[in-house]
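Be aware that the sequence shown starts at 1, since it is given in full-length UniProt numbering, and climbs by one per residue. Cβ atoms here follow ideal geometry from the backbone N, Cα and C, with glycine treated the same way.
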Amino acid sequence: MSKRTTAARHRATPVRSNPLETVSQAVASNAGTVGRQAAVVAAASGLVLSIGLPAQGSAPAVRETTSIPAAGLEIERTSFTAVNVTAAKDVKVKLDRPEVTSRPAPEPEPAPAPVVRETPVAAPAEQAPARTATQTQAAPVAPAQQAPAAQQRTQADAAERAQARAAERAQARAAERAQAERAQARAAERAQAERAQARAAERAQAERAQARAAEQQRQQRAQAQQTRAAAAPQQQAPAPRATGNMAGVVSAAYSGIGVPYVYGGKTRAGWDCSGFTSWAYRQAGISIPSSTSAIRGSGQFVRTSSPKPGDLVFQNGGGHVGIYVGNGMMIGAQNPSTGTFLHSVSRNPLMGYYTYVG
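#1: Rounded to whole angstroms, what's the CA-CA distance from Tyr261 to Ala180? Just pull it up for me.
#2: Between Ile331 and Val249, is the Cβ-Cβ spacing less than 8 Å?
#3: Between which two residues does the beta strand (DSSP E) containing Val302 stretch?
#4: Express the C-alpha separation of Arg195 and Asp272 in angstroms, rounding to a whole number.
#5: Can you tell me where the alpha helix (DSSP H) with Val250 in it begins and where it stops?
#6: Give me whichever residues DSSP pairs with Gln151 in a beta bridge.
#7: Compute the Euclidean distance between the alpha carbons of Ala133 and Ala162, then round it to the nearest angstrom.
#8: Taking Cβ positions, are Pro309 and Met246 nearer each other than 8 Å?
#9: When you compare only the Cα positions, how much space is there between residue 359 and Ala147?
#10: Let me know the secondary structure DSSP gives Gln163 once reduced to three states.
#11: Going by C-alpha distance, which of Val325, Ala204, Pro106 and Asp90 is nearest Ile257?
#12: On the three-state DSSP scale, how would you describe Ala269?
#13: Can you list, in chain order, the residues of its chain with a C-beta nearer than 7 Å to that of Gly358? Leave out the 5 residues immediately preceding and following it.
#14: If you measure between the beta carbons of Val313 and Val345, is that distance less than 8 Å?
#15: May I have the straight-line CA-CA distance separating Trp279 from Ser293, to the nearest angstrom?
#16: Helix or strand or just coil, what does DSSP make of Val357?
#17: Terminal residues of the continuous alpha helix (DSSP H) containing Ser293?
Given below as structure tokens:
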């Protein structure tokens with residue numbers, strides 16, 4: 001009587017296999033083919049690894065069990081005596097069995113990439129960059145960790161802006177200092193140029209003053225020479241002597257040589273041409289006007305073609321007057337640069353001679 005039972009399928013429990021147990025099972029299942037003595041020799045000589053082992057992890061199969069009564073069970077009992085076989089290490093043993101090869105299991109297919117679904121969130125102070133699929137698979141960062149990082153970035157940006165502003169201010173200050181220095185340099189150059197111009201003007205003025213002084217000295221020397229030259233002809237050919245009060249007029253005229261010219265003056269401190277003639281006549285006791293036009297219009301003088309010492313000499317169209325002293329010479333107050341001196345009647349354009357008639 002036989003029974004057929006089907007064992008239920010269960011999830012295979014992983015069992016750690018021992019190589020020796022596997023070998024023993026392989027020997028037991030293949031003893032009839034290989035022979036027990038050859039198996040012992042193979043195990044003793046270290047060649048067990050060449051024996052093909054049965055594959056494990058196969059799907060569970062249906063097992064059949066048969067129940068046999070003990071009376072009908074005939075078991076052949078054999079006696080087995082173990083035989084010890086010795087062999088050298090370099091002996092090659094070949095098992096008479098078909099060779100078995102194995103093929104590695106196929107690689108598992110890669111898992112599909114996870115689908116990223118964005119959840120709308122309230123806009124933060126700084127918008128975070130878009131996440132990639134790799135970043136989505138990474139462990140999420142807690143908001144408490146994101147806040148310090150954003151704060152650090154904000155502080156770094158603020159520090160950079162502050163440094164940029166400080167650099168701009170420093171550049172502006174440097175530009176202002178450079179501009180001020182240039183302005184100071186230009187002002188110093190202008191001041192130096194003005195001082196140089198002032199010194200040049202002073203030198204020019206001093207040179208002009210020296211030139212005027214030299215000219216005055218030259219004129220004075222020329223007057224002295226003229227005076228000496230006029231005195232010599234008088235000794236050789238004496239001029240007509242002034243009669244009466246005219247001698248006093250001529251003497252006063254010679255005493256007035258060297259007095260400075262002052263417009264409107266009538267004293268030895270300084271006089272003009274008419275003031276000098278009025279002063280000389282007054283020294284001789286004769287009073288005449290102190291202007292050229294008044295002298296000619298007073299009726300005290302008449303025009304003459306033969307002058308004598310003491311007569312008046314009008315020049316420059318009647319604008320200048322002097323006292324004739326004889327031999328073509330006269331004394332008069334000419335101008336501020338020459339003062340009162342003796343000179344020829346031809347020095348200025350002659351208008352005519354006028355003699356006193358009272």
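Let me spell this out:
#1: 56 Å
#2: no
#3: Phe301 to Thr304
#4: If you draw a straight line from the Cα of Asp272 to the Cα of Arg195, it is about 40 Å long.
#5: Met246 to Ser255
#6: Note: Gln151 sits in no beta bridge, so no partner.
#7: Confidence at Ala133 is low in this model, with a pLDDT of 43, below 50, so its placement is unreliable and no value can be given for it.
#8: yes
#9: Outside the displayed span of the chain (1 to 358) sits residue 359, for which this structure offers no information.
#10: DSSP places Gln163 in helix when its eight states are reduced to three.
#11: When only C-alpha atoms are compared, the closest one is Val325.
#12: coil
#13: Gln300
#14: yes
#15: Rounded to the nearest whole angstrom, the C-alpha separation of Trp279 and Ser293 is 16 Å.
#16: coil
#17: Note, Ser293: alpha helix (DSSP H), Thr292 to Gly297.
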